[in-house]
Amino acid sequence: MEKKFEEPILKVSGLTVCYGRMTALKCIDFYANDNEIVGIVGPNGAGKTTLLEAIAGSVHILEGKIYFFDHQIERWPVLKRRQSGLMLIPQEGNIFPMMSVKKNLEVSVILSERAEREELVDYVYELFPILGERRRQIANTLSGGQQKMLAVGIGIASNAQVMLIDEPSIGLAPKLVTRLFATLQKIRDDTKKTIVLSEQNIKILNIADRLFGLEAGEIRFDEKKENLNRDVVKDLYLGSIS
Amino acid sequence: MLLNGIITGLIMGGILSLPVLGVAVIYGITGIPNFAIGVIGVFGGFITWYFLSYSIGLAIVIGVVVCFIVGYIVQRILLTPISEKGGDATLFFIITVSVGFVFEGFIRAIFPRPNISLELPRLGTINLATFTVEGFKIIALVFALGTLVIIRLLEEHTEIGKSWQATSQNLKLSKLVGIKTTQVFSIASGIGCALACVGAIFWGSLYNLQLSSGWDLGFMGFIVAVVGGIGNIWGGMISALIMGMVMSFSGYLLGGEWQSVILYFIVILVLIIAPKGILGSERSL
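Keeping their order, the protein sequence lines are chains A and B.
At position 28 of the first sequence the residue is numbered 28 (the working numbering), and the sequence of numbers has no breaks.
At position 226 of the second sequence the residue is numbered 226 (the working numbering), and the sequence of numbers has no breaks.
Laid out in structure tokens, this is it:
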């Protein structure tokens with residue numbers, strides 16, 4: 001995965017997803033470049049989660065194409081997308097609750113070469129020292145914040161080129177949000193990977209390289225962050241202002 | 001008499017625990033209740049009986065391997081695809097019971113006799129105070145306990161063990177991190193059916209195997225597993241040993257005809273008090 005692409009490494013075009021008669025996403029165009037943090041912002045029910053799940057392959061799509069590197073992947077099953085370098089960290093159910101922290105990370109490196117595995121787990125402990133201290137603890141006995149760190153840790157351990165994270169800030173204290181976002185930036189800079197995250201937290205403006213505004217299943221804007229008027233974003237698309 | 005009852009109970013529980021472990025492994029990992037497991041195990045028992053005159057070891061291996069393959073294939077081509085489409089417990093009940101009838105039919109069609117007794121070597125006797133136990137029965141119990149320990153060791157130290165633990169705890173995330181969940185399901189089902197086969201072989205050498213034995217073993221396995229906390233292998237083991245004791249003591253004290261009355265009365269009582277079983281279940285039926 002070393003070669004650089006001029007084109008976006010992840011590209012979605014004309015994506016439509018329906019749940020029964022309800023249209024969750026209408027003809028969405030979306031892309032992410034190599035080594036950037038892309039924010040998807042929007043109110044509840046805008047379709048943020050659906051967009052991430054459609055990219056990862058866990059929801060059925062009605063129409064549209066998804067390109068990842070030079071593959072067209074919209075018909076691929078979850079496992080094949082994961083093997084090609086995509087990883088979704090869902091908003092809920094994002095840890096293995098009855099396993100230790102260490103084992104949670106050990107099953108997440110399963111697709112990596114044996115030689116790399118230990119390094120990946122150690123990198124997670126370096127980013128989140130508290131997880132290293134609590135490596136023997138059963139995951140569902142961790143605090144909410146620590147569980148969120150573990151969820152992100154699982155994503156990092158998976159060593160995917162593109163990590164899709166669904167609202168990592170939800171339920172976290174403001175201080176922890178700042179710290180988590182700083183860690184995401186460090187991951188982008190350390191690993192040269194791409195992080196796509198859906199958010200309702202205004203602090204996303206501090207770390208995202210680009211933002212997509214999503215409302216009622218449609219893209220409202222797609223801008224580099226320097227072109228965005230902070231107040232517009234805040235008023236229209238972000239619920240919790242912390 | 002007390003010692004006598006305990007030993008008989010432990011051995012019964014030990015044999016019973018094999019199909020129970022089979023159920024626990026399959027249900028714990030796949031979340032699918034497979035009611036055909038007992039019949040498939042007994043099918044393997046008949047295969048073992050058929051080859052017994054050639055070589056005992058070979059006959060057992062053939063029976064167990066056939067059951068593993070059957071369990072693997074049934075899961076792979078039938079149960080996993082249905083579960084991906086969102087099949088519910090009722091559907092799985094109907095489908096797996098139908099699979100059971102298919103294998104009962106196979107037993108009737110393939111084997112010359114519908115009622116067999118597996119003559120395995122008794123391996124001497126061991127004297128415990130006033131009571132004599134055949135070495136063979138001890139092996140049955142040791143095998144059951146050994147299987148439990150091996151399953152636990154696999155979960156702690158091997159990739160496949162960690163994968164099936166992860167799959168049983170969070171299927172969606174397991175797929176997302178890249179675990180081959182379809183394969184994990186198939187292997188779990190194969191192991192479950194292979195364990196049921198070993199249970200059937202022991203059963204067939206202590207009592208006998210007939211067409212209905214598969215349903216007895218399978219449903220009994222299920223009930224005992226539910227009492228222990230379905231999907232929980234420690235709970236299943238403890239429950240099997242307790243049930244073995246209950247059967248043994250009720251048989252001694254009240255006579256064989258009261259055995260099932262007492263047994264199922266206790267099952268109902270336990271489930272009223274603890275609907276998720278003795279040790280609790282992470283899944284619900």
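We treat Cβ as the ideally placed atom computed from N, Cα and C, and that holds for glycine.
- Per the C-alpha coordinates, the member of B:GLY28, B:GLN75, B:THR147 positioned closest to GLY228 of chain B is B:GLY28.
- If the five residues before and after ARG108 of chain B are omitted, its C-beta is found closer than 7 Å to the C-beta atoms of PRO114, LEU211, all from its own chain and listed in chain order.
- Taking 8 Å as the threshold, the shortest C-beta distance from ILE47 of chain B to chain A does not fall below it.
- Residue-level contact check: ASN94 of chain A touches chain B, since one or more beta carbons of chain B fall below 8 Å from its beta carbon.
- A straight-line Cα-Cα distance of about 54 Å links ILE138 of chain A and PRO112 of chain B.
- For the region 179-205 of chain B, the set of residues with a beta-carbon nearer than 9 Å to any beta-carbon of chain A comprises ILE179, LYS180, THR181, THR182, in chain order.
- Taking a C-beta cut-off of 8 Å against chain B, the contacting residues of the region 69-90 of chain A are VAL78, LEU79, ARG82, GLN83, MET87, LEU88, ILE89, PRO90, listed in chain order.
- A direct Cα-to-Cα measurement between GLN165 of chain B and GLU155 of chain B gives close to 7 Å.
- Counting along the chain, the unbroken alpha helix (DSSP H) around PHE68 of chain B starts and ends at 56-73.
- Neighbours of MET163 of chain A across chain B, judged by C-beta separation under 9 Å, do not exist; the nearest C-beta is about 11 Å away.
- Interface annotation for the region 43-72 of chain A against chain B: ALA56, SER58, criterion Cβ-Cβ distance under 8 Å.
- Exclusion of the five residues before and after LYS224 of chain A leaves ARG210 as the residues of its chain whose Cβ lies within less than 6 Å of its Cβ.
- SER239 of chain B and ILE278 of chain B have their alpha carbons spaced roughly 8 Å apart.
- Cβ-Cβ distances below 8 Å link LYS193 of chain A to ASN35, ALA160, GLN161, VAL162, MET163, ILE187 in the same chain, with the five nearest sequence neighbours on each side left out; the list follows chain order.
- Judged by DSSP secondary structure, TYR207 of chain B falls outside any beta strand (DSSP E); it is assigned neither H nor E.
- Contact annotation: VAL42 of chain B and LEU209 of chain B have beta-carbon atoms nearer than 8 Å.
- Sequence-distant Cβ neighbours of GLN183 of chain B in its own chain, meaning closer than 6 Å and more than five residues away, do not exist here.
- The alpha-carbon separation between GLY39 of chain A and ILE154 of chain A amounts to approximately 20 Å.
- Per the C-alpha coordinates, the member of B:ILE110, B:LEU3, B:PHE143, B:ASP216 positioned closest to ASN127 of chain B is B:LEU3.
- Going by C-alpha positions, MET237 of chain B is about 6 Å away from SER17 of chain B.
- Assignment of THR132 of chain B by DSSP, reduced to helix, strand and coil, places it in the strand class.
- Neighbours of LYS172 of chain B in chain A, taken as residues whose beta carbon is under 8 Å from its own, are SER58, PRO90, GLY93 in chain order.
- For MET99 of chain A, there is no enclosing alpha helix (DSSP H), as DSSP marks it with neither H nor E.
- Look at the region 141-214 of chain B and you find these whole runs of alpha helix (DSSP H), each 4 residues long or longer: 159-169, 171-177, 181-206.
- Between the alpha carbons of GLY14 of chain A and LEU25 of chain A lies a gap of roughly 9 Å.
- Per DSSP, the unbroken alpha helix (DSSP H) holding SER98 of chain B starts and ends at 89-110.
- If you draw a 10 Å sphere on the C-beta of ILE272 of chain B, you find fewer than 16 other C-beta atoms in it, and that means exposed.
- Under DSSP, ARG210 of chain A takes part in a beta bridge, and its partners are A:VAL38, A:LYS224.
- Taking a cut-off of 8 Å for Cβ pairs, the region 129-147 of chain A and the region 66-77 of chain A do not touch, as fewer than three such pairs fall below it.
- Going by DSSP, GLY47 of chain A is part of no alpha helix (DSSP H) at all; its letter is neither H nor E.
- At least 8 Å separates the beta-carbon of PHE212 of chain A from that of ILE204 of chain A.
- In the same chain as LEU176 of chain A, and ignoring 5 residues on each side of it, the C-beta atoms closer than 7 Å to its own belong to GLY145, in chain order.
- Within chain B, no C-beta atom comes nearer than 9 Å to that of PRO8 of chain A; the closest sits roughly 22 Å away.
- DSSP places ILE202 of chain A outside both helix and strand once states are collapsed to three, so it counts as coil.
- Identification of residues in the region 148-177 of chain B having a C-beta nearer than 8 Å to some C-beta of chain A yields GLU159, LYS162, SER163, GLN165, ALA166, GLN169, ASN170, LYS172, LEU173, SER174, LYS175, LEU176, VAL177, given in sequence order.
- Your pair GLY45 of chain B and CYS197 of chain B checks out as a contact, with CB atoms roughly 6 Å apart and the cut at 8 Å.
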